[in-house]
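Beneath this line is the structure, given in structure tokens, with notes to follow.
In the numbering used here, the protein residues as written are 45 to 296.
Below, the structure is given as structure tokens:
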């Protein structure tokens, strides 16, 4: 059996209880060494084989899993954050399925959740924003035209932009061209929840300058939108005494 496990955003104690249990039981661990906190590896049992996928191709990862399966061993494929976001897991699952190797997925805490926690912010503030766009700038990996930063910016929703810290000048231009005002609140969160985490609050028009000043070129999320300021919202109806819910009656 292969378990595709989300390691969480960085902090060792933000892996899920299930993910930790699987990690402790694994005979083979293949982890994304460029992103996963190596401190998690101390949870593996004696004799566990540990492989760093940052130095491997997809074919090499699959071959390592095949060899483990032939020996009746349990493999944990340890991904950063939650595997469903920019984890390149579909191709791995398809390769396992083609070889009739059983697998399961254990979700994890995504870095966009870790970043919000560190910023002490709520993405979906009533009266400000009720939508969150998770996206990235186009680089070596193409992005469909309909999903460009510019087109998403037109919606003025909260945006969380992955894999783009090295493209801040172009990102800033695209956000402004799409309709965000230069003074729109923004933040750059470097290595959310890691010990070396850095929180940089700025505006859309200051993104490139802030990244350059702080020396941030990778492993960071960019968060954009009025919700970043955490101001001007209206009270939620959920806990309003004048609002009926399925669990209580309105008081007036």
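By construction, the Cβ of each residue, glycine as well, lies at the ideal position given by its N, Cα and C atoms.
(request) Check each candidate in 179, 264, 70 and 95 and name the one with the smallest Cα separation from residue 82. (result) 95
(message) Less than 6 Å between C-beta atoms, sequence neighbours within five positions excluded: which residues of the same chain meet that for residue 285?
(response) 295
(message) Could you tell me which whole beta strand (DSSP E) segments of length 3 or greater appear in the stretch 146-217?
(response) 147-150, 176-180 and 202-206
(request) Helix, strand or coil for residue 129, going by three-state DSSP, please let me know. (result) coil
(request) Output the boundary residues of the beta strand (DSSP E) element that contains residue 247. (result) 242-247
(message) So, at 6 Å on beta carbons, what are the nonlocal neighbours of residue 120 in its own chain, with the 5 sequence-adjacent residues on each side left out?
(response) 47, 49, 66, 67, 70 and 73
(request) Take residue 53 and list the residues in its own chain whose beta-carbon comes closer than 6 Å to its own, dropping the five residues that flank it on each side. (result) 125, 153, 155, 158, 236 and 237
(request) With DSSP as the reference, please indicate the residues paired to residue 119 in a beta bridge. (result) 46 and 72
(request) Along the beta strand (DSSP E) that carries residue 94, what are the first and last residues, could you check? (result) 93-96
(message) Determine, for residue 93, whether the minimum Cβ-Cβ distance to residues of chain C falls below 8 Å.
(response) Annotation note: the requested chain C is absent from the structure, which comprises a single protein chain.
(request) Sort out for me which residues DSSP pairs residue 106 with in a bridge. (result) In the DSSP output, where bridge partners are listed per residue, residue 106 has none listed.
(request) Look at the alpha carbon of residue 199 and the alpha carbon of residue 274, and state the distance between them as a whole number of angstroms. (result) 19 Å
(request) Please state if the CB of residue 201 and the CB of residue 173 are separated by a distance shorter than 8 Å. (result) yes
(request) Classify residue 285 as helix, strand or coil using the three-state DSSP reduction. (result) coil
(request) Would you decide whether residue 243 is buried or exposed? Buried here means 16 or more other CB atoms lie within 10 Å of its CB. (result) exposed
(request) Could you check if residue 136 is buried or exposed, using at least 16 other CB atoms within 10 Å of its CB as the buried criterion? (result) buried
(request) Check the DSSP bridge columns for residue 267 and list the partner residues they point to. (result) 204 and 231
(request) Buried or exposed for residue 131, please, with buried defined as at least 16 other CB atoms from any protein chain shown within 10 angstroms of its CB. (result) buried
(message) Please return the same chain residues whose Cβ sits closer than 6 Å to the Cβ of residue 55, not counting the five positions on each side in sequence.
(response) 237
(request) State the Cα-Cα distance for the pair residue 212 and residue 177, rounded to the nearest angstrom. (result) 18 Å
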